[in-house]
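**Student:** This structure is in structure tokens; I'll ask about it shortly.
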Amino acid sequence: MNTPPKAKQIPKKLVKHNDERIDEFYWLNERDNPEVKAYLEAENNYYKEETKHLNRFTDDLFAEMKSRIKEDDESVPYFLNEYWYQAKFETGKDYPIYIRKFQSLEAKEELLFDVNKMAEAHDYYKLSGIAISPDNTMAAYGVDNVSRREYTIQVKNLKTGEILPTKIEKTTGSSCWANDNKTLFYTRKDPQTLRSYQIYKHVLGTDVSQDQLVYQEDDETYNCFVYKSKSKQFIIIGSSSTLQDEYRFINANTPDAQFQVFQERQPELEYSIMHYDDYFYILTNKDDAQNFKLMRTKIAETSSKHWEDVIKHREDVLLEDVEIFKNYLVVTERFNGLSRLRVMSWDFNEDFFIPISSETYTIGTSTNPDFNTDTFRYVFSSLTTPTTVFDYNLSTKTEVKMKQQAVLDHSFDASNYIEERQWATAKDGTRVPMSIVYKKGVKRNGENPLLQYGYGSYGHTVDPFFSTTRLSLLNRGFVFVIAHIRGGEYLGRPWYEEGKMLNKNNTFSDFIAVSEFLITHKYTKSEQLFAMGGSAGGLLIGSVINLRPELYQGVIAAVPFVDVVTTMLDESIPLTTGEYDEWGNPNQSEYYHYIKSYSPYDNVSNYNYPNMLVTTGFYDSQVQYWEPAKWVAKLRLQSNYSKKLYFETNMNTGHGGASGRFEALKELAKEYAFLFDLVGIDR
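In this text, residue positions in the sequence shown follow UniProt numbering: the first is 1, and each later residue adds one.
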């Protein structure tokens, strides 16, 4: 057996609120220090050596997962401003090709971007935010070839194919056009914190240095963004923190006008705006509407005192989203954990739900950029149903299945898999839902390997979705479970509030309660139970194994947010100040001590932890690489830790991992091979 690397210990004293922490591995945040890179490479080499017996199996898993994917695939075309737009994939290629056709799907294909050619010289390449000018002649787009989510915006002349010399750096990648076809609004990021804080406008034909700053967000807890209303009549700047929003707008025909504030920010007033006819429509929590409601106000009277209810607040229904069309609005609601699509005519004479019959599923709006249509596109999937795109005619109440995700596996039959929804009971008595899938024939005898997945932060809900890659687990006898724990919004906004700030420990205890339920009800046993989470889900995994290290055989923590106290005290790190409303501000003593009580890095102890695979990206802007690096280094000091501990840093990527569709599969194949190895599956 190879000797695991040991990082050099250089104790650094950190003092806050008269509390002293000693951090032996603080120095690992020196990105340009050759010793840091040497340690990361040593960990990578150790992982490779320890798992080289899995290389062939990993390659086989990759080939197996890749073989289920239709390589020469294409998206369902959508119509916008006289053109049909579509993305295509070609066999053997990692990146999409974007095309369009004028008026008819039978028209000649016009190439917009072949991302495969654009990415040829890069280890990482992401094209984002394609925005077509109103006259259809120009396309603005963003490119990130580092994986820190800093995009350079460029403009392509779609008549000539020429890429204009314009290069706008350090942006979010997205932009929107005024109706004059020459003015482009975009968002710049702070080069240090990567906070989106400035809105500029660029006029084609002028130098970028002459771009005009039209808005700057000085509150470090806010991010700002800019977009065009679906009606194409307004340019809208939004500025948002976790609990507050503020918008301003101008007519898209007058790009040089002064932006008008819609409604000034107020403590805990959240809202978003859409335009239709003579009104703005507002999705908001105004008047203590915790699950949100829909309101409207006349264009000339936008302050909140003029807002009137359209859909009133309901205690048991979360209002998630609104899609506006010329004749209808479609509302996405969540009731008892399941989303539903509600259709209403503008005169409110029609009000009905698009019918769905399933025990646990995912449903939501798809691409609907066309305002002047009665066709609404939505996506449905479940743990056993491949992702399916439907076009629903809102006036005739008829629908057409446009496409179902292809599963290129002759043995796949959805009826061979069972999906369930069960409920565990947390230690405070709260019922916690979970979605479960397994192959027919799997017996509840307590002997099955089981992978439990969770996230539980930011109000992000992990709905039960279909995955072709997951079949590699299910077909080998694994049970797969999504724990819908507090901190998400599966059961409405209160479900989120009960899993954040000073309630954060509910997230961890919910996850443990689900694990205990699965063992008690003989879906698995501790010796066969595995857990997985990424980013804030990695924090979940790190906290859970500090609380119950004996409960799991193995865990995977991807890009894990594990050094919570130190990160939340460092305002120079991207995202920190904007997250005080999620975790609390540790500059305040109460939050400092609470965060410290669950921060995985601060609570590493001399436990016999489960087998672990930890992954990160060197250029990660969301969770810096040094958080998992320090965590692993500290775990290696524990004398009782006798199981496998592997740490891999992808030296070319950031938070989202590899950029190509097949490169990402290689990373997943390694994770699956790690799990299979622990239960003795080798083929």
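Ideal placement from N, C-alpha and C gives every residue a C-beta, glycine not left out. Keep in mind it's a predicted model, so treat the numbers as computed, not measured.
Taking a contact to mean a Cβ-Cβ separation below 9 Å, would you say Val-437 touches Trp-423 in this structure?
**Tutor:** By 1-based counting over the sequence shown, the position of residue 437 is 437. By 1-based counting over the sequence shown, the position of residue 423 is 423. In this structure, Trp-423 does not lie closer than 9 Å to Val-437 by Cβ.
**Student:** Just to confirm my understanding: we take Thr-160, look at its own chain, exclude 5 residues before and 5 after, and list those with CB closer than 6 Å. What are they?
**Tutor:** In the sequence shown, counting from the first residue as 1, residue 160 sits at position 160. Here the set comprises nothing.
**Student:** Would you call the CB atoms of Tyr-598 and Asn-505 closer than 9 Å?
**Tutor:** Within the sequence shown, residue 598 is the residue found at index 598, counting from 1. Within the sequence shown, residue 505 is the residue found at index 505, counting from 1. Yes; because the gap between Cβ atoms is below 9 Å, this pair is in contact.
**Student:** Is Trp-27 helix, strand or coil when you go by DSSP?
**Tutor:** As a working mapping, residue 27 is identified with position 27 in the sequence shown. Helix at Trp-27.
**Student:** Just the C-alpha distance for Asp-570 and Arg-21, rounded to the nearest angstrom, thanks.
**Tutor:** Counting from one through the sequence shown, the residue named residue 570 turns up at place 570. Counting from one through the sequence shown, the residue named residue 21 turns up at place 21. In a straight line, the C-alpha of Asp-570 is about 15 Å away from that of Arg-21.
**Student:** Using 8 Å for Cβ pairs, my map puts Asn-285 next to Leu-318. What's the rounded Cβ distance?
**Tutor:** Here residue 285 refers to the residue found at position 285 of the sequence shown. Here residue 318 refers to the residue found at position 318 of the sequence shown. Going by Cβ atoms, the distance from Asn-285 to Leu-318 rounds to 11 Å, so no, they are not a contact pair.
**Student:** In terms of residues, what are the limits of the beta strand (DSSP E) holding Asp-309?
**Tutor:** Walking along the sequence shown from the start, residue 309 turns up at place 309. Per DSSP, Asp-309 belongs to the beta strand (DSSP E) from 308 to 311.
**Student:** Among all the DSSP beta bridges, which residues are the ones paired with Asn-157?
**Tutor:** As a first step, residue 157 must be located in the sequence shown, where it is residue number 157. Looking at the DSSP assignment, Asn-157 forms a beta bridge with Met-138.
**Student:** Using DSSP bridges, identify the partner residues of Trp-631.
**Tutor:** In the sequence shown, counting from the first residue as 1, residue 631 sits at position 631. In the DSSP secondary-structure assignment, Trp-631 is not bridged to any residue.
**Student:** Please say whether Asp-413 and residue 702 have beta carbons closer to each other than 9 Å?
**Tutor:** Absent from the model: residue 702. The displayed extent of the chain is 1 to 683, so no value can be given.
**Student:** I'd like the list of long-range same chain contacts for Ser-240, defined as Cβ closer than 7 Å, with 5 residues on each side in sequence excluded.
**Tutor:** Here residue 240 corresponds to residue number 240 of the sequence shown, with the count starting at 1. Within the same chain, Tyr-222, Asn-223 come within 7 Å of Ser-240 by CB-CB distance, once the 5 residues on both sides are set aside.
**Student:** Pick helix, strand or coil for Val-514, following the three-state DSSP scheme.
**Tutor:** For the purposes of this step, residue 514 is taken as the residue at position 514 of the sequence shown. Three-state DSSP puts Val-514 in a helix.
**Student:** Could you pull the start and end residues of the beta strand (DSSP E) that Tyr-417 belongs to?
**Tutor:** For the purposes of this step, residue 417 is taken as the residue at position 417 of the sequence shown. Here the beta strand (DSSP E) through Tyr-417 covers 417 to 425.
**Student:** Jot down the residue ranges of each uninterrupted alpha helix (DSSP H) in the region 418 to 480, minimum 4 residues, whole runs only, in chain order.
**Tutor:** 471 to 474
**Student:** Confirm, please, whether the CB-CB distance from Lys-522 to Phe-25 is below 9 Å.
**Tutor:** By 1-based counting over the sequence shown, the position of residue 25 is 25. By 1-based counting over the sequence shown, the position of residue 522 is 522. No.
**Student:** In three-state terms, what does DSSP make of His-202?
**Tutor:** As a first step, residue 202 must be located in the sequence shown, where it is residue number 202. In the structure shown, His-202 adopts extended strand secondary structure according to DSSP, grouped into three states.
**Student:** Which one of Glu-169, Arg-377, Leu-158 has the shortest CA to CA distance from Lys-401?
**Tutor:** Position 401 of the sequence shown, counted from the start, is the residue given in the question as residue 401. Residue Arg-377 holds the alpha-carbon nearest to the alpha-carbon of Lys-401 among Glu-169, Arg-377, Leu-158.
**Student:** Among the candidates Leu-678, Phe-466, Leu-450, whose CA atom is the shortest distance from the CA of Thr-387?
**Tutor:** Taking the first residue of the sequence shown as position 1, residue 387 is located at position 387. Taking only the C-alpha atoms, the option nearest Thr-387 is Phe-466.
**Student:** With DSSP collapsed to three states, give me the class of Phe-674.
**Tutor:** Stepping through the sequence shown from its first residue, residue 674 is reached at position 674. DSSP places Phe-674 in helix when its eight states are reduced to three.
**Student:** Measuring alpha carbon to alpha carbon, tell me which of Gln-624, Phe-352, Gly-429 ends up nearest Glu-30.
**Tutor:** Here residue 30 corresponds to residue number 30 of the sequence shown, with the count starting at 1. Ranking Gln-624, Phe-352, Gly-429 by Cα distance to Glu-30 puts Gln-624 first.
**Student:** Excluding the 5 residues flanking Arg-476 on each side, which residues of the same chain have their C-beta closer than 6 Å to its C-beta?
**Tutor:** Working through the sequence shown from its first residue, we reach residue 476 at position 476. Correct list, in chain order: Ile-681.
**Student:** So, is Ala-63 buried or exposed, given that buried needs 16 or more other C-beta atoms within 10 angstroms?
**Tutor:** Numbered from 1 along the sequence shown, position 63 holds the residue referred to as residue 63. Exposed, since its Cβ has fewer than 16 Cβ neighbours within 10 Å.
**Student:** In this structure, does DSSP put Trp-346 in helix, strand or coil?
**Tutor:** Walking along the sequence shown from the start, residue 346 turns up at place 346. Correct three-state label for Trp-346: coil.
**Student:** Just verifying my parser: in three-state terms, what is the DSSP assignment at Met-651?
**Tutor:** By one-based count along the sequence shown, residue 651 stands at place 651. The answer is coil: DSSP assigns Met-651 none of H, G, I, E or B.
**Student:** Tell me whether Glu-497 sits in a helix, a strand or coil according to DSSP, three-state version.
**Tutor:** Locating residue 497 in the sequence shown gives position 497, where the first residue counts as 1. DSSP places Glu-497 in helix when its eight states are reduced to three.
**Student:** On the DSSP letters alone, give me the boundaries of the alpha helix (DSSP H) that Val-115 sits inside.
**Tutor:** Reading the sequence shown from its first residue, position 115 is the one you call residue 115. Boundaries of the alpha helix (DSSP H) harbouring Val-115: 115 to 118, taken from the DSSP string.
**Student:** Measuring alpha carbon to alpha carbon, tell me which of Lys-630, Asn-587, Tyr-601, Arg-636 ends up nearest Asn-611.
**Tutor:** Counted from its first residue, the sequence shown places residue 611 at position 611. If we check each option's Cα against that of Asn-611, Arg-636 comes out closest.
**Student:** What residues are listed by DSSP as bridge partners for Asn-393?
**Tutor:** Taking the first residue of the sequence shown as 1, we reach residue 393 at position 393. BP columns for Asn-393 point to Thr-375, Thr-398.
**Student:** Verify whether the separation of the beta carbon atoms of Ala-531 and Phe-511 is less than 9 Å.
**Tutor:** Sequence index remark: in the sequence shown, residue 531 carries index 531 (1-based). Sequence index remark: in the sequence shown, residue 511 carries index 511 (1-based). Cβ atoms of Ala-531 and Phe-511: closer than 9 Å.
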